[in-house]
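A.B. asks: One structure, as structure tokens, below. Some questions next.
4 protein chains.
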Amino acid sequence: MSTDQARPLRADAARNRARLLDVAAQVFADRGVSVTTEEIAKAAGVGVGTLFRHFPTKEALLEAVLLRRLETLSTEIARLLAEQDPAAAFFATFTLVIDQSAGKNEYARALAAAGIDVHQSLQEPAQVLRARLTEVLTGAQQAGAVRADLGVPELQALLVGTADMVERLSADPAGRERIFSVIFNGLRPSR
Amino acid sequence: MSTDQARPLRADAARNRARLLDVAAQVFADRGVSVTTEEIAKAAGVGVGTLFRHFPTKEALLEAVLLRRLETLSTEIARLLAEQDPAAAFFATFTLVIDQSAGKNEYARALAAAGIDVHQSLQEPAQVLRARLTEVLTGAQQAGAVRADLGVPELQALLVGTADMVERLSADPAGRERIFSVIFNGLRPSR
Amino acid sequence: MSTDQARPLRADAARNRARLLDVAAQVFADRGVSVTTEEIAKAAGVGVGTLFRHFPTKEALLEAVLLRRLETLSTEIARLLAEQDPAAAFFATFTLVIDQSAGKNEYARALAAAGIDVHQSLQEPAQVLRARLTEVLTGAQQAGAVRADLGVPELQALLVGTADMVERLSADPAGRERIFSVIFNGLRPSR
Amino acid sequence: MSTDQARPLRADAARNRARLLDVAAQVFADRGVSVTTEEIAKAAGVGVGTLFRHFPTKEALLEAVLLRRLETLSTEIARLLAEQDPAAAFFATFTLVIDQSAGKNEYARALAAAGIDVHQSLQEPAQVLRARLTEVLTGAQQAGAVRADLGVPELQALLVGTADMVERLSADPAGRERIFSVIFNGLRPSR
DNA sequence: AATGAATGAGTCTTCATTCAT
DNA sequence: GATGAATGAAGACTCATTCAT
């Protein structure tokens, strides 16, 4: 339903594909999207040929990585919504997104930027993520926990921007808390 | 003093250098640091050879662009400090940095990130900028306009992150205002 | 005698080998020798592994295809010789070779070129084909139906070249006839 | 007019371009279109970069080679038409095309095949060549030197096919003459 | 035996940098 | 000093061949 394997891959092939996805996510995050396919393959312990067998182009690999991330986020946000009251879910979402983006500075924003110019294959999962964010946001606003004038686009911008801030202060845990404090404070209704 | 030309350039050479800097700033901003040197040279109306005569490597050109930006920021912040009261200067600085970064998303953050891992040649101007930011920040804090628990690193992170947020909402001017509102609100002392 | 199978293949293996040979002949003909082994295998409904089990290299497969073609030609020419008078057999051979090459432009000539630089394994069947061609040619010459100054090498060149001509006019059946007419006319003794 | 240099290349660049064209023509002819760009560049005594500066893709290089050949043929045929009577011009054209194709077996036919599926950029020169061939053919037919039932497509096929035949007999000069004799004989009006 | 996933050398092409004009 | 042609290392991608399942 969410993951779409045309024909069930052989066990080893599936393992390689998953491994490539994991490794690529990490490597893209650590060193930027300009890492060579060769390096990704080596990091995954396979030859380039294998990488290209699973993902026809480098871009397709990047998309697959982003796709998985969007799906993960959607799922986890849904869980937060189910488990907590609206206000708590909102702030938990914030924390979740920011913390998951930590150390992934390169594409964190590409990801969260689910609002803009996403590639074809990401349209739908991006749409799903936006739907989740709409739920969290309006829930928190109705609960009076968040300013009523904000929309989902602003929320997305805030998430990505805050992730960026926190990323820059990664050396200082206390700084991270102060950033959260500023943002959360600013999000509260004016009075 | 700050720019270190061994011997004064011939008039035309100086003009070429300045033009390259301007054009490179624009082109890097518009299309990312991956534009080719050939394209930058063409946009500046010179041959690649000329580009490399003035800047020994592509990276040196990028640094020169960043350097100039850091210097400009420092100068303008100093002016704001001279012209306005501390609190006003603080918020004006915020607006200034964010607006100048608009449309420059690619290296905006690289720039403002004057705090971290800046290349050799940028150490000193980054230091100068930090000094200016220290002035604005402490001034505003002493005036009671900004939370006292923030330091310059947090300010830098906030500036860059906010620029990022605004950049993402570039299509929606009202969204920009709402972001500013959230951030400025969050920056105010707790009570 | 001519095909050298160490031990008799299992029924299914033999079927696969035959199928690969047929399909490869078709595919090489239609799309050139640069088709990938993967595509040939797929067209034959087997995995690449099977292809390589039967033919150790791609080149070996191509050779096997050519080999079979040489053998077929030899056999059919022998039949023509047995069934018709020398002159008729000669022109029938011409038509046969040309028509069998139709649509096989890619390797038609490689095949018919049994005279030149044929790979090791094709030496003997090429020799056999030449022997057949010698029979048809000398028979027709003795019958006074064909110029006496031509040798087998010229005949081979004429066959391949004419096949090429006809191939180029494949869209126009009448053109094909005119080419045959020119060549047959030219082959007749001077007076 | 026929060669289209946008801006006049520097002397050395023009020399390299010409050299690449010459060398590529030779190398493609000798070893097929599958020779690597690296080898062509090396044979021309330049780096690959230079090859790609002059010809944006390998295919563009091949096209340029073919283009030049088509143009040369057209020019030379025009000259033959101007210098000789129709019948002589016809047979001289035949000899010219065949001899120029000698040793160029790989693309000789691609060239002469100016009739079929030629790439965009070759459309017009191919059209020009066809016009020349039309002149030679109809001239010779009106002079009663060549069968009246042949059209330009057949002539093209005959040229390419004959070049092919001669190519195959390259080791035997007398064989070449015999082929010419057969073809020329066959081309004459029936009585 | 058959399968198809894995491999990696080899191919085309790009682009920062050098150098002859 | 300026120019842009030349260079070649490096990168994305292909495909014959091998090998685990």
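Residue numbers (this note's numbering), protein chains in the order written: chain W, 1 to 191; chain S, 1001 to 1191; chain C, 2001 to 2191; chain A, 3001 to 3191. Built from N, CA and C at the ideal position, the CB exists for glycine as well. These figures come from a predicted structure and were not determined experimentally.
Interface residues of chain C around A/Asp3172 at Cβ under 8 Å?
C.D. replies: Ordered by position in chain C, the residues that pass the 8 Å Cβ test against A/Asp3172 are Pro2153.
A.B. asks: Look at the alpha carbon of W/Ala110 and the alpha carbon of W/Arg130, and state the distance between them as a whole number of angstroms.
C.D. replies: Confidence in W/Ala110 is poor, its pLDDT being 46 and thus under 50, which makes the residue's placement unreliable; the coordinate value appears in the next sentence. Going by the C-alpha atoms only, they are around 14 Å apart.
A.B. asks: Under 8 Å, Cβ to Cβ, is there at least one residue of chain A near C/Thr2050?
C.D. replies: With 8 Å as the cut-off, C/Thr2050 does not count as an interface residue toward chain A.
A.B. asks: When DSSP labels each residue in this structure, what does W/Ser34 get in the three-state scheme?
C.D. replies: Reduced to three states, the DSSP call for W/Ser34 is coil.
A.B. asks: Beta-carbon of W/Ile98 versus every beta-carbon of chain S: anything under 8 Å?
C.D. replies: No - not a single Cβ of chain S is within 8 Å of the one on W/Ile98.
A.B. asks: Please report the residue range of the alpha helix (DSSP H) in which S/Gln1141 lies.
C.D. replies: Element bounds for S/Gln1141: Gln1123 to Gln1142.
A.B. asks: For S/Arg1194, decide whether its Cβ has a neighbour in chain W, counting only Cβ atoms nearer than 8 Å.
C.D. replies: As shown, chain S starts at 1001 and ends at 1191. That puts residue 1194 of chain S outside it, with no answer to give.
A.B. asks: Could you tell me the alpha carbon to alpha carbon distance between A/Thr3037 and A/Val3160, rounded to whole angstroms?
C.D. replies: Looking at the two C-alpha atoms, the distance is approximately 27 Å.
A.B. asks: By DSSP, does W/His54 sit in helix, in strand, or in coil?
C.D. replies: Looking at W/His54 - three-state DSSP - the assignment turns out to be helix.
A.B. asks: Which chain A residues are close to C/Gly2032, counting only those with a beta carbon under 9 Å from its beta carbon?
C.D. replies: Here the premise fails: no neighbours, minimum Cβ distance about 11 Å.
A.B. asks: Determine which residues of the stretch 3019-3043 of chain A have a Cβ less than 7 Å from any Cβ of chain C, and write them out in chain order.
C.D. replies: Listed by position along the chain: nothing, the set is empty.
A.B. asks: Could you check the C-alpha separation between A/Leu3062 and A/Val3033 for me, to the nearest Å?
C.D. replies: Cα to Cα, A/Leu3062 sits roughly 8 Å from A/Val3033.
A.B. asks: Return the residue from the list C/Ala2143, C/Ala2145, C/Glu2071 and C/Gln2156 that minimises the CA-CA distance to A/Met3165.
C.D. replies: Out of C/Ala2143, C/Ala2145, C/Glu2071 and C/Gln2156, C/Gln2156 has the C-alpha closest to the C-alpha of A/Met3165.
A.B. asks: Quick one: is C/Thr2093 near chain A, going by C-beta distance under 8 Å?
C.D. replies: No, C/Thr2093 does not count as interfacial toward chain A.
A.B. asks: Whose C-beta lies closer than 7 Å to the C-beta of S/Ala1078 among residues of the same chain, with five residues either side of it excluded?
C.D. replies: Answer for S/Ala1078: Arg1132, listed in chain order.
A.B. asks: I'd like to check one pair, A/Ala3140 with A/Pro3086: are the Cβ atoms closer than 8 Å?
C.D. replies: Result yes, Cβ atoms of A/Pro3086 and A/Ala3140 sit closer than 8 Å.
A.B. asks: Would A/Leu3158 count as contacting chain C if we go by Cβ distances under 8 Å?
C.D. replies: True, the Cβ-Cβ gap to chain C drops below 8 Å.
A.B. asks: Less than 6 Å between C-beta atoms, sequence neighbours within five positions excluded: which residues of the same chain meet that for A/Arg3176?
C.D. replies: Result list for A/Arg3176: Val3166 and Leu3169, in chain order.
A.B. asks: Can A/Ile3040 and A/Ala3064 be called in contact, C-beta distance under 8 Å?
C.D. replies: Going by C-beta atoms, A/Ile3040 is not nearer than 8 Å to A/Ala3064.
A.B. asks: Taking C-beta to C-beta, are W/Leu210 and W/Leu21 nearer than 8 Å?
C.D. replies: Residue coverage of chain W in this structure runs from 1 to 191, which leaves residue 210 of chain W outside it and unanswerable.
A.B. asks: State the DSSP-derived secondary structure class of C/Pro2173, mapped to helix, strand or coil.
C.D. replies: Helix, per DSSP.
A.B. asks: Kindly list, in the order they appear in chain C, the residues whose Cβ is closer than 9 Å to that of A/Arg3130.
C.D. replies: Per Cβ cutoff of 9 Å: no residues; A/Arg3130 is ~14 Å from chain C at best.
A.B. asks: Output needed for C/Gln2084: all residues of its chain with C-beta closer than 8 Å, excluding positions within five of it in sequence on either side, in chain order.
C.D. replies: Closer than 8 Å at the Cβ level, and outside the excluded window around C/Gln2084, lie Ala2092.
A.B. asks: Chain W beta carbons: is any one of them nearer than 8 Å to that of S/Asp1085?
C.D. replies: So, not an interface residue.
A.B. asks: Can you pull the chain W residues whose beta carbon is under 8 Å from the beta carbon of S/Thr1072, in chain order?
C.D. replies: In chain order: nothing, as chain W lies at least about 21 Å away.
A.B. asks: Distance check for S/Phe1055 and W/Thr134, CA to CA, integer angstroms please.
C.D. replies: Distance between the alpha carbons of W/Thr134 and S/Phe1055 is about 49 Å.
A.B. asks: How should C/Glu2059 be labelled, buried or exposed, when 16 other C-beta atoms within 10 angstroms of its C-beta is the threshold for buried?
C.D. replies: By the 10 Å Cβ count, C/Glu2059 comes out exposed.
A.B. asks: For A/Thr3162, count neighbouring C-beta atoms within 10 Å of its own C-beta (all shown protein chains included) and say buried if the count is 16 or more, exposed if not.
C.D. replies: Its Cβ being crowded by 16 or more others within 10 Å, A/Thr3162 is buried.
A.B. asks: Taking the straight line between their C-alpha atoms, what separation do you get for C/Val2046 and C/Asn2016?
C.D. replies: Each residue's Cα considered, the two are about 8 Å apart.
A.B. asks: In the structure shown, what three-state DSSP assignment does A/Gln3120 receive?
C.D. replies: It is helical.
A.B. asks: Which residues mark the beginning and the end of the alpha helix (DSSP H) in which A/Gln3084 is found?
C.D. replies: Careful: A/Gln3084 lies outside any alpha helix (DSSP H) and carries neither H nor E.
A.B. asks: At what residues does the alpha helix (DSSP H) containing S/Val1046 begin and finish?
C.D. replies: Segment: none, S/Val1046 is in no alpha helix (DSSP H) and carries neither H nor E.
A.B. asks: Could you give the distance in angstroms between the alpha-carbon of C/Glu2124 and the alpha-carbon of C/Leu2066?
C.D. replies: Rounded to the nearest angstrom, the two C-alpha atoms are 12 Å apart.
A.B. asks: Just the Cα atoms here: how many angstroms apart are A/Pro3153 and C/Phe2180?
C.D. replies: For A/Pro3153 and C/Phe2180, the distance between alpha carbons rounds to 14 Å.
A.B. asks: Assuming A/Val3182 contacts C/Gly2186 (C-beta within less than 8 Å), just tell me the rounded distance between them.
C.D. replies: That pair is a contact at about 4 Å.
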